[in-house]
Amino acid sequence: MIGRRHLLAAGAALGAGSAQAQAEALRVGSTPTGIPFTFLDTRTNQITGFMVDLIREIGRRQGFNVEIQATPFAALIASLTSNRIDIIAAAMLATPARREQIDFSDPVYAYGEAVAVREGETRPWGSLADMRGVTAGAQVGTVYIEPLRQAGLEVRTYDSVADIMRDVALGRIQAGFGDAPIVAYQIAQGTFRGVRLLPDYRPSVVGSIGIGTRKGDPVMRRINAGLAAVKGDGAFDRLIQQWNLPPSVS
Numbered sequence: 011m012i013g014r015r016h017l018l019a020a021g022a023a024l025g026a027g028s029a030q031a032q033a034e035a036l037r038v039g040s041t042p043t044g045i046p047f048t049f050l051d052t053r054t055n056q057i058t059g060f061m062v063d064l065i066r067e068i069g070r071r072q073g074f075n076v077e078i079q080a081t082p083f084a085a086l087i088a089s090l091t092s093n094r095i096d097i098i099a100a101a102m103l104a105t106p107a108r109r110e111q112i113d114f115s116d117p118v119y120a121y122g123e124a125v126a127v128r129e130g131e132t133r134p135w136g137s138l139a140d141m142r143g144v145t146a147g148a149q150v151g152t153v154y155i156e157p158l159r160q161a162g163l164e165v166r167t168y169d170s171v172a173d174i175m176r177d178v179a180l181g182r183i184q185a186g187f188g189d190a191p192i193v194a195y196q197i198a199q200g201t202f203r204g205v206r207l208l209p210d211y212r213p214s215v216v217g218s219i220g221i222g223t224r225k226g227d228p229v230m231r232r233i234n235a236g237l238a239a240v241k242g243d244g245a246f247d248r249l250i251q252q253w254n255l256p257p258s259v260s
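Letter by letter, the sequence shown follows residues 11 to 260 of the numbering used here.
Now the structure itself:
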């Protein structure tokens, strides 16, 4: 579609008068801070991660290339609906409110929230119901903010999970909320120091992430077909293992 997609050369000319092989390139918005789903690899200065590898695999099976564009989480939907990107491939839960704005693919991976506390914190918080009055942090644009407020927590919003974890470690807030696979992965890698996960916490906001497109965009049919192929031929399971993701929540 002119104005939102362009063509990239996919092969050299075979001779005079021959047409150059070309493949459609779609602009994919992915966040630089959602490790291991999407993140900026400082060694290559490229966005990588599970969702990036997944959309590339889907594109390979469906005959389109992808151009990954670093996009803040809170700007993903606006970037999609304003035609700055064509696809969202990030750790975005397919909530009813978001479905009113964009289309989502078939479910990719399901999880809930995790809670990080300062090392040495011993209060046995097992659910949101136990945490009324707690000062907590959540990332701007995520689905956790309103449920936390409704449960009686004092919520402070942050631009990134790293900023949340910093304030938890410094004691500025008592708890930090984020996507369980993302927070657990980075704590295990030693990225976030001075914090730990609540091992017995039961998540309240559980959902599935999906790949997003504009409402009614026919490319969604290709995305779903490619996703089914990736899951059917074993590539999906290999990506789960490669990125050390726990089993999807049922």
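Where a beta carbon is used, it is the ideal one built from N, C-alpha and C, also for glycine. What you are looking at is a predicted structure, and each value in this text was computed from that prediction instead of being measured.
Any idea which residues DSSP pairs residue i with across the strands?
i: Ser-218; result: Ala-120
i: Phe-49; result: Thr-43 and Thr-58
i: Glu-164; result: Thr-145
i: Phe-187; result: Val-125
i: Glu-67; result: Its beta-bridge partners do not exist; DSSP assigns none.
i: Phe-114; result: Gly-222
i: Arg-37; result: Glu-77
Please check the pair residue i and residue j, which I expect to be a contact at CB under 8 Å, by giving their CB distance rounded to whole angstroms.
i: Val-240; j: Tyr-121; result: Actually they are not in contact, since the Cβ atoms of Val-240 and Tyr-121 sit about 19 Å apart, beyond 8 Å.
i: Leu-158; j: Ala-139; result: With a Cβ gap of about 12 Å, Leu-158 and Ala-139 do not count as contacting.
i: Ala-126; j: Gly-186; result: 4 Å
i: Ala-80; j: Ile-57; result: 5 Å
i: Gly-39; j: Ser-89; result: 5 Å
i: Val-165; j: Ile-155; result: 6 Å
i: Gly-162; j: Arg-142; result: 4 Å
i: Ile-219; j: Leu-103; result: 6 Å
i: Pro-82; j: Thr-41; result: 7 Å
i: Leu-255; j: Phe-60; result: 6 Å
i: Arg-37; j: Glu-77; result: 5 Å
Kindly indicate the opening and closing residues of the alpha helix (DSSP H) around residue i.
i: Glu-156; result: 155-160
i: Gln-252; result: 245-252
i: Asp-177; result: 171-179
i: Ser-89; result: 86-91
i: Met-102; result: Neither: Met-102 is in no alpha helix (DSSP H) and is coded neither H nor E.
i: Lys-225; result: Note, Lys-225: premise wrong, no alpha helix (DSSP H); not H, not E.
Determine the direct distance from the alpha carbon of residue j to that of residue i, and round the result to whole angstroms.
i: Gly-188; j: Pro-213; result: 11 Å
i: Ala-101; j: Asn-75; result: 21 Å
i: Val-118; j: Arg-66; result: 14 Å
i: Pro-209; j: Ile-98; result: 31 Å
i: Gly-244; j: Ala-124; result: 28 Å
i: Ala-31; j: Val-229; result: The pLDDT assigned to Ala-31 is 44, lower than 50, so where the model puts this residue is not dependable; a value taken from the coordinates is nonetheless given after this. Rounded to the nearest angstrom, the two C-alpha atoms are 20 Å apart.
i: Val-62; j: Val-178; result: 29 Å
i: Ile-192; j: Glu-34; result: 31 Å
i: Lys-217; j: Phe-47; result: The question names Lys, but residue 217 in the sequence shown is Gly. Rounded to whole angstroms, Gly-217 to Phe-47 spans 15 Å at the Cα level.
i: Leu-249; j: Thr-223; result: 22 Å
i: Asp-51; j: Ala-172; result: 15 Å
i: Val-150; j: Trp-253; result: 25 Å
i: Gly-242; j: Asn-234; result: 12 Å
i: Glu-131; j: Thr-152; result: 25 Å
i: Arg-176; j: Gln-184; result: 11 Å
i: Thr-91; j: Arg-108; result: 12 Å
i: Asp-96; j: Ala-238; result: 20 Å
i: Gly-200; j: Pro-257; result: 21 Å
i: Asp-227; j: Arg-203; result: 43 Å
i: Asn-93; j: Arg-232; result: 19 Å
i: Gln-160; j: Gln-251; result: 36 Å
i: Gln-196; j: Ser-170; result: 13 Å
i: Tyr-211; j: Lys-225; result: 36 Å
i: Ala-198; j: Ser-137; result: 22 Å
i: Gly-73; j: Leu-64; result: 14 Å
i: Ile-221; j: Leu-180; result: 35 Å
Candidates the options: which alpha carbon is nearest residue i's?
i: Gly-69; options: Trp-253, Arg-133 and Gly-236; result: Gly-236
i: Gln-106; options: Ser-92, Asn-254, Val-215 and Glu-164; result: The question names Gln, but residue 106 in the sequence shown is Pro. Ranking Ser-92, Asn-254, Val-215 and Glu-164 by Cα distance to Pro-106 puts Val-215 first.
i: Pro-134; options: Ala-245, Asp-177, Arg-206 and Asp-63; result: Arg-206
i: Phe-246; options: Asn-55, Arg-71 and Arg-53; result: Arg-71
i: Tyr-168; options: Pro-42, Ala-84 and Arg-53; result: Ala-84
i: Ile-87; options: Glu-110, Phe-49 and Pro-256; result: Glu-110
If I follow the unbroken beta strand (DSSP E) through residue i, where does it start and stop?
i: Asn-75; result: 74-80
i: Arg-206; result: 205-207
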